[in-house]
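This report concerns only the one structure given below.
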Amino acid sequence: MNPSTYSSIHSADSKRFSLLSLDDWQNGVVLPVNKLSEWTSFDVIRKLKPHLPVKKIGHAGTLDPLATGVLVCCVGRATKLISTFQDQLKVYRATFTFGETTPSLDRATPVSETLSWNPIPKSELKTVIESQFVGIIHQIPPMYSAVKKDGKRLYQYARKGEEIERQPREAYIESCEILQYSGEQCTLEIVCGKGTYIRTYVDDLAKAVGSLGVVDELQRTKSGPYHIDNAWDVHKLCNALQERLTA
């Protein structure tokens, strides 16, 4: 699909909705949305769909239910671009706590294990990241994920307390910067390719320095060319779309 044939509408461009014809919507519209915590990525699609003049809509990269941030929603023929957007780099900001973990590796489940943690210097943590956690890495998908095994999602097994053998997968980390480090808690900015599990990244990093780690907050701040600063609040987007339909 030729990029010039679709429209990208950011949160500051609501007036453009009134200028779009039905043909424009059918040709393709891309809407970057700021997914709310405790929403699934499909919840966003389900919320938007009744307010759109065309039926076809999808998103370019699932976010964990507790995560927030940029979800690229593709409407009409722009759905043909989903794989293109999925292949683009994404930026995440992850805050995590050392010394404890949960079955889901985030705060969606209760703490299941703790470990006494003697904080290391920030410089040492940076060295470990640069030597082991940048470039091509290998990750084992978390049990709380949508990966399928024998026709079922891994999280379906996990919710029953079952542990399923998983094979490592390649992931690409462009860069990882320490934004904040107190010894007990750390915030990272991670630039990565598709298929990267940030919860697993944090878990593996914490184990590499002799600790455990659990993600407290996770935000996707950028997906391809779309930045969180220009992403739609889902409720405001629905209102803007509804105004367009009733105008």
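Under the working numbering, the first residue of the sequence shown carries the number -11, and numbering increases by one thereafter.
Positions of the beta carbon are idealized from the N, C-alpha and C atoms, including for glycine.
Query: Helix, strand or coil at T188 [DSSP, three-state]; Result: helix
Query: CA-to-CA distance, S71 to G(-1), given in whole angstroms; Result: For the sequence presented, residue -1 should be read as Ser rather than Gly. Using only the alpha carbons, I get a separation of about 23 angstroms.
Query: Residue(s) in a DSSP beta bridge with E158; Result: H126
Query: Identity of the residue in V222, P130, T115 nearest T28 by Cα; Result: V222
Query: The stretch 209 to 220 touching the stretch 141 to 161, judged by at least three CB pairs closer than 8 angstroms; Result: no
Query: Nearest-angstrom Cα separation, counted from I124 out to Q155; Result: 16 angstroms
Query: Under 8 angstroms between C-beta atoms of T67 and E88; Result: no
Query: Buried or exposed by the 16-neighbour rule on C-beta atoms within 10 Å, applied to A55; Result: buried
Query: Continuous beta strand (DSSP E) stretch holding E177: start and end; Result: 173 to 180
Query: C-alpha distance - H47 paired with Q230, whole-angstrom precision; Result: 20 angstroms
Query: Whole-number beta carbon distance between C174 and F84, since they are thought to touch under 8 angstroms; Result: 6 angstroms
Query: 8 angstroms Cβ cutoff met for V79 and E177; Result: yes
Query: Proximity to M131 [Cα-Cα], best of Y145, S119, G64, I186; Result: Y145
Query: Chain-order list of residues whose beta-carbon lies under 7 angstroms from that of W220 (same chain, five-residue window excluded); Result: S(-1), L19, P20, V21, N22
Query: Nearest-angstrom beta carbon gap, F73 and E172 [assumed within contact, 8 angstroms]; Result: Not confirmed; about 36 angstroms, so no contact.
Query: Beta-carbon spacing of V60, L40 below 8 angstroms; Result: no
Query: CA-to-CA distance, L167 to L93, given in whole angstroms; Result: 21 angstroms
Query: Status (buried if at least 16 other CB within 10 Å, exposed otherwise) for L225; Result: buried
Query: Exposure label - A159; buried when at least 16 CB within 10 Å; Result: buried
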